[in-house]
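J.: Quick one: the structure is below, and I'll ask about it shortly.
Number of protein chains: 2
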Amino acid sequence: MARTPARAGAPGSVSTLALAATVARRFHVEGMTKVEIARQLGVSRFKVARLLSTAVDHGLVRIEIHPPASLDGEMSEELRARFGLRSAFVVVPEEDGVDGGRRAVARFTAGLLEEVVTPEDVVGLAWGRTISVLSAGVRAPLHCRCVQLSGALPRPDVRESAVDVVHRIAEATGSSAVTFYAPLAVPDAATAEGLRSQSGIAEALAEHDSLTRAVVSIGYWAAGESTAYDSLSPADRDALTAAGACAELTGLLFGVDGTALPDLADRVVGVTVEQLRRTPDVIAMASGLGRALGTAAALRSGVVSTLVTHTTHARQVLDLPEPAPRAARRPAARPSRPRRSP
Amino acid sequence: MARTPARAGAPGSVSTLALAATVARRFHVEGMTKVEIARQLGVSRFKVARLLSTAVDHGLVRIEIHPPASLDGEMSEELRARFGLRSAFVVVPEEDGVDGGRRAVARFTAGLLEEVVTPEDVVGLAWGRTISVLSAGVRAPLHCRCVQLSGALPRPDVRESAVDVVHRIAEATGSSAVTFYAPLAVPDAATAEGLRSQSGIAEALAEHDSLTRAVVSIGYWAAGESTAYDSLSPADRDALTAAGACAELTGLLFGVDGTALPDLADRVVGVTVEQLRRTPDVIAMASGLGRALGTAAALRSGVVSTLVTHTTHARQVLDLPEPAPRAARRPAARPSRPRRSP
DNA sequence: CATTGCTCCGCTCATCTGAGCGGGCTACTC
DNA sequence: GAGTAGCCCGCTCAGATGAGCGGAGCAATG
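One line per chain: the protein sequences are D and W, in this order. This note's numbering puts the first residue of the first sequence at 1, with every later residue one more than the last. This note's numbering puts the first residue of the second sequence at 343, with every later residue one more than the last.
Following this line, the structure appears as structure tokens:
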């Protein structure tokens, strides 16, 4: 009398797996609750939960997420894991060229904000070309509070000042605007300190302590690749380059390995690294070509929680060699830990 | 300034879908809870739930269940839907031939019982070749109560009587056995009534009112295809054939369309159709060749909740033409109704 | 304007679900 | 054959979840 090697009701037997499969079907596909399934089968709901686990353990259940075609899910996930981000979105631009990428990123971020911002939010807004494009795309009534993150005066290639951008967004979304007039950085720390305590500016800067979100764009420390770089004197630029500046966020500088550089900080009128770090959700936009190093540096700073970029840029960032130095490799997000597990 | 047709944050926009996709990934793949996701994103948990729904609605989430290779998931589902069963298992036999199929079905059912039966269960056991094979395969300590469903005396091709089978299973599983000695059917109703009220039999039959499960095999009304058929006199057989008998379950007869035939019922010593219908889980085993009509008839009776069969038989049953007559088509189980839905 | 119908949102409440616990059984060990 | 390690089970309880509700904003309409 030939007998199968595995005992009939043992875990891993055909009956068990078959049962697990049908239970999984009812739960995942038909959407029945575990209690319902348990009643139908005449077993305890715990049994059902365990059958569900064994179904997962034996690979009987496969769940696939297919992001919309205009989003590169694979690279998004790769970026997220590599830099320990909370979210990463790699947009597939519809138009070519640097501007196409920037527009796609800005538009996507606009949609993201419309989706995610609530009236309770205090949203900090940086200044730059991408943000300027973004400001044209937000329409939904968010009724939040929009706060200018740093000083900035108009430049030839960006028609609007930081103040204009904040006001534009606030108006379009029925939000309140908190702005102040100041340059991004001033020649010396004392002047900066003076400006910071100046009435009208101090109140605005105080808001930076209660930010719930911040929208910034990642600048690369090179001519034309960073609003901060372009706003400074040649002497400053060189000094900061020598100090190791690589990435810039709202006037804050970071080295290749992501360490915050203090050199410019005391002369900047705007949000501080600490304030940004305390902000629950920091959304960074990265676009352009040849600035991958800057993006990587900014992401290593740990300040950014959400990244929005486009395919070309994402590819460049991911193709960058992993930095050899520093402490051990970072833990790459967190390994997948399914809830229902022993 | 070209604008995309769909507004940025509108439902169905890229940002919304992208967000829905990442939320879905975190929920389904990483196993995060909705509350966690909501906290991370800075939105309400309801928002997360809705994003999850839109992800499903837009087909961003695909969940596939892969039953073990030794089970034909497709036919199982087809049978289940066609006959409105609660579960159907189509086993892929390892050995060929009629006996191979029967053994596979019996062994699978044995495993199913080990998996599903609890000490609170009162399990009714029919009599037949398949159940006889099954009784050799149940080993796990179920500590339930095993009740004989119908009378039956030994026959040349089945070494054991119904009593033997019940005792064997009870012993192997540490369960109590409730049995009685009687033939399956007697020549007239009065004799049957007498037997039913006889001490020793009456007590056993009383248990049929509190059955929680029943294990039966489906017989086809033809020579050698039904224990009942073979136990009766030629005259009885012909009369019942004329009455439209097609399928048999524990001595209970059904017509092609699934209606219970009263003709033999009053001369049978065993469970009644009503009692079987009240039993929460009726597991029917179907195997063999050329008895598809009987299986279909039995399934149409609505008595069976769980079906176990093998590929060849399942194919034959599914290839049967749908019955044209009777009321409208039956509702085919129930349409998939995912929990999270508007 | 007021009305109506729509959509989107977050709340409340009852139900469902997960984590962890201890009892009972098995199988192995000395 | 007593000990014990491992397992499977169902319970309890806090926390997560779904269904349904009503309010707010918006648009088309009378």
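By construction, the Cβ of each residue, glycine as well, lies at the ideal position given by its N, Cα and C atoms. Small disclaimer: the values here were computed from a predicted structure and weren't measured.
I need the DSSP call for Leu-361 (chain W), collapsed to helix, strand or coil.
T.: Correct three-state label for Leu-361 (chain W): helix.
J.: Alpha carbon to alpha carbon, how far is His-400 (chain W) from Val-271 (chain D)?
T.: One C-alpha to the other measures close to 40 Å.
J.: How many angstroms separate the CA atom of Val-505 (chain W) from the CA atom of Ala-494 (chain W)?
T.: Distance between the alpha carbons of Val-505 (chain W) and Ala-494 (chain W) is about 8 Å.
J.: Beta-carbon of Ala-656 (chain W) versus every beta-carbon of chain D: anything under 8 Å?
T.: No, Ala-656 (chain W) lies away from the interface with chain D (no Cβ there is under 8 Å from its Cβ).
J.: Pull up the distance between the alpha-carbon of Ala-332 (chain D) and that of Glu-74 (chain D), whole angstroms please.
T.: Bear in mind that the predicted position of Ala-332 (chain D) carries a pLDDT of just 38, short of 50, making it too unreliable to give a figure here.
J.: Are there 16 or more other CB atoms within 10 angstroms of the CB of Leu-662 (chain W), so buried, or fewer, so exposed?
T.: Burial call: exposed.
J.: For the pair the stretch 206-226 of chain D and the stretch 107-125 of chain D, tell me if three or more CB-CB distances fall below 8 Å.
T.: Segments in contact, yes.
J.: Measuring only between beta-carbons, confirm whether Thr-118 (chain D) sits less than 8 Å from chain W.
T.: It does; some Cβ of chain W falls within 8 Å.
J.: Taking any Cβ of chain D, which residues in the stretch 383-400 of chain W have a Cβ under 7 Å from it, in chain order?
T.: Result list: Leu-383, Gly-384, Val-385.
J.: Check whether the Cβ of Val-163 (chain D) lies closer than 8 Å to any Cβ atom in chain W.
T.: Chain W contact via Cβ: absent.
J.: Grab the span of the beta strand (DSSP E) containing Leu-307 (chain D) for me, first residue to last.
T.: It spans 306-310 - the beta strand (DSSP E) in which Leu-307 (chain D) sits, taken as one unbroken run.
J.: Helix, strand or coil: how does DSSP classify Glu-285 (chain W) here?
T.: Residue 285 (chain W) is absent from the structure shown; chain W starts at 343 and stops at 684.
J.: I need the straight-line Cα distance from Val-61 (chain D) to Ser-518 (chain W), nearest angstrom please.
T.: Taking the straight line joining both Cα atoms gives about 38 Å.
J.: Please decide whether Leu-320 (chain D) counts as near chain W, where near means a Cβ-Cβ distance under 8 Å.
T.: Not closer than 8 Å to any Cβ of chain W, the Cβ of Leu-320 (chain D) fails to qualify, so no.
J.: Compute the Euclidean distance between the alpha carbons of Glu-419 (chain W) and Val-385 (chain W), then round it to the nearest angstrom.
T.: Roughly 39 Å separates the two Cα atoms.
J.: Are the CB atoms of Leu-484 (chain W) and Thr-451 (chain W) nearer to each other than 8 Å?
T.: No, the pair does not count as a contact, with Cβ atoms beyond the cut-off.
J.: So, helix, strand or coil for Tyr-523 (chain W), using DSSP?
T.: Tyr-523 (chain W): coil per DSSP, three-state reduction.
J.: From Ala-296 (chain D) to Ala-140 (chain D), what distance separates their C-alpha atoms?
T.: Spanning the two alpha carbons is a distance of roughly 32 Å.
J.: Indicate whether at least one CB of chain W lies closer than 8 Å to the CB of Pro-154 (chain D).
T.: No - not a single Cβ of chain W is within 8 Å of the one on Pro-154 (chain D).
J.: Name the residues in the stretch 13-27 of chain D whose C-beta lies less than 7 Å from a C-beta of chain W; which are they?
T.: Cβ contacts with chain W come from Ser-13, Val-14, Ser-15, Thr-16, Leu-17, Ala-18, Leu-19, Ala-21, Thr-22, Ala-24, Arg-25.
J.: With 8 Å as the threshold, decide whether the Cβ of Leu-60 (chain D) is near any Cβ in chain W.
T.: Closer than 8 Å: yes.
J.: Name the one or two DSSP bridge partners that Cys-146 (chain D) has.
T.: Paired residues: D:Val-123, D:Ala-177.
J.: With distances taken Cα to Cα, identify the nearest neighbour of Thr-688 (chain W) among W:Ala-527, W:Arg-620, W:Ser-629.
T.: Any answer about residue 688 (chain W) is impossible in this case: the structure gives chain W only from 343 up to 684.
J.: Please identify the residue among D:Ala-292, D:Val-215, D:Arg-278, D:Ala-223 whose C-alpha is closest to the C-alpha of Val-133 (chain D).
T.: When each option's Cα is compared against that of Val-133 (chain D), the closest is D:Val-215.
J.: Could you check the C-alpha separation between Ile-473 (chain W) and Pro-496 (chain W) for me, to the nearest Å?
T.: Between Ile-473 (chain W) and Pro-496 (chain W), the C-alpha separation is close to 14 Å.
J.: Kindly confirm or deny that the stretch 292-311 of chain D and the stretch 246-261 of chain D touch, where touching means at least three C-beta pairs closer than 8 Å.
T.: Touching, per the Cβ criterion.
J.: Could you spell out the range, first to last residue, of the beta strand (DSSP E) harbouring Glu-64 (chain D)?
T.: From DSSP, the beta strand (DSSP E) with Glu-64 (chain D) extends over 61-65.
J.: For Ala-446 (chain W), collect the residues of the same chain with a Cβ closer than 6 Å to its Cβ; drop the 5 residues on either side in sequence, then sort them by chain order.
T.: The residues are Val-433, Pro-435, His-652.
J.: Taking only beta-carbon atoms, is Arg-129 (chain D) less than 8 Å away from chain W?
T.: Not an interface residue.
J.: Taking only the alpha-carbon atoms, compute the straight-line gap between Leu-289 (chain D) and Trp-221 (chain D) and give it to the nearest angstrom.
T.: Cα-Cα distance, rounded: 13 Å.
J.: Express the C-alpha separation of Arg-107 (chain D) and Leu-359 (chain W) in angstroms, rounding to a whole number.
T.: Each residue's alpha carbon lies about 14 Å from the other.
J.: In angstroms with no decimal places, state the Cα-to-Cα distance between Cys-488 (chain W) and Tyr-571 (chain W).
T.: Cα-Cα distance, rounded: 25 Å.
J.: Check for me: the alpha helix (DSSP H) holding Ser-384 (chain D) runs from which residue to which?
T.: This structure does not reach residue 384 (chain D), given that chain D is present from 1 up to 342, and the question cannot be answered.
J.: Output yes or no for whether 8 Å exceeds the beta carbon distance between Asp-266 (chain D) and Ala-192 (chain D).
T.: Yes; because the gap between Cβ atoms is below 8 Å, this pair is in contact.
J.: Any beta-carbon of chain D closer than 8 Å to the one on Glu-567 (chain W)?
T.: Not an interface residue.
J.: Cβ closer than 7 Å: which chain W residues qualify as neighbours of Ser-70 (chain D)?
T.: Chain W residues near Ser-70 (chain D): Val-356.
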